[in-house]
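*Asks:* The structure follows.
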Amino acid sequence: MRAFAWYEDAMRLFKRAPVVWCVLGFLVLAADIGLQFIPGIGVAASKVILPVVECGMLVGAAALDAGAQLTLRYALIAFLAPPAALAAIVISGLLVFAAEALAAYGIDGVNLLAVESSSSELSATALLAVLGAGTIVSLPVAFVPFAALFGARSFAGAFATSARAFWLNLAPLLLFGLLALVLVGLGVLTFGVGLIAVFPLLSAASYAAWKDIFRAVQLP
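Numbering (the numbering used here), first residue to last: 3 to 222.
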């Protein structure tokens, strides 16, 4: 099964630099939490900035696979991308958050845009629905960052490329998403600590999927 092969490749990359990967995962988690405390715009700012920070791990996975050393500079490297690429990355991330926010509000009436709201206010059913909604919506846009950063696609082209790849590889990507949902769920059950390793693993697995489907990767 291709989805399992992607995660196997991800583990191979993770084992090359586990400490750096976990530090990058911690920085993503810390950025998400820290930005939300900015008065007035914290949550919105985190949902705009965080996808770009996360993309650093995608670039890091590609670099590590090409023989380069994984360093903490990859936490910020995606901010150097062209404006169109940054816009595509941010919008794809906002689409995923919108799905999660709608699920949270529709089931438990929790507003994820409110600073005082958190996943701890969600029932187990609602939390599962939120994670599931985010996973489902993330799959058609999963390759937007890669198409924008590695494929030099335009804003619209990045979304079109990702959507087409999703449609042509529907079965393995659905299994990929299910496995990702399980991993994120396990990370949440550890009070978020496990996400420090889950985030990098999912980034590396996403890169492995992109490399398998598109065959060639050109580093930005």
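Backbone N, C-alpha and C define an ideal beta-carbon position, used for all residues, glycine too.
If you run the structure through DSSP and keep just helix, strand and coil, what is F168?
*Replies:* Here F168 sits in helix by DSSP.
*Asks:* With 16 other CB atoms within 10 Å as the buried threshold, where does F81 fall?
*Replies:* Exposed, because fewer than 16 other Cβ atoms sit within 10 Å of the Cβ of F81.
*Asks:* Report all residues from its chain with a CB closer than 6 Å to the CB of G95; omit the five preceding and five following residues, and keep chain order.
*Replies:* Hits under 6 Å: P53.
*Asks:* Rounded to a whole number of angstroms, what is the C-alpha to C-alpha distance between R14 and L203?
*Replies:* Their backbone Cα atoms lie some 10 Å apart in a straight line.
*Asks:* Which first and last residues belong to the alpha helix (DSSP H) in which S48 is found?
*Replies:* Residues 44-67.
*Asks:* Three Cβ pairs or more, each shorter than 8 Å: is that satisfied between the region 173-185 and the region 130-138?
*Replies:* As far as the Cβ criterion goes, the region 173-185 touches the region 130-138, which means the pair count is three or higher.
*Asks:* Does DSSP put R155 in a helix, a strand or coil?
*Replies:* Residue state, collapsed to three classes: coil.
*Asks:* Note the first and the last residue of the continuous alpha helix (DSSP H) segment covering M13.
*Replies:* Unbroken alpha helix (DSSP H) run through M13: 4-18.
*Asks:* Go through its chain and collect everything with a Cβ distance to A199's Cβ below 7 Å, but skip five positions before and after it.
*Replies:* For A199, where only same-chain residues beyond five positions count, the Cβ hits under 7 Å are C24, G27.
*Asks:* Does DSSP put V112 in a helix, a strand or coil?
*Replies:* If DSSP states are grouped into helix, strand and coil, V112 belongs with coil.
*Asks:* Return yes when the Cβ of L124 is within less than 8 Å of the Cβ of V112, no when it is not.
*Replies:* Closer than 8 Å, so yes.
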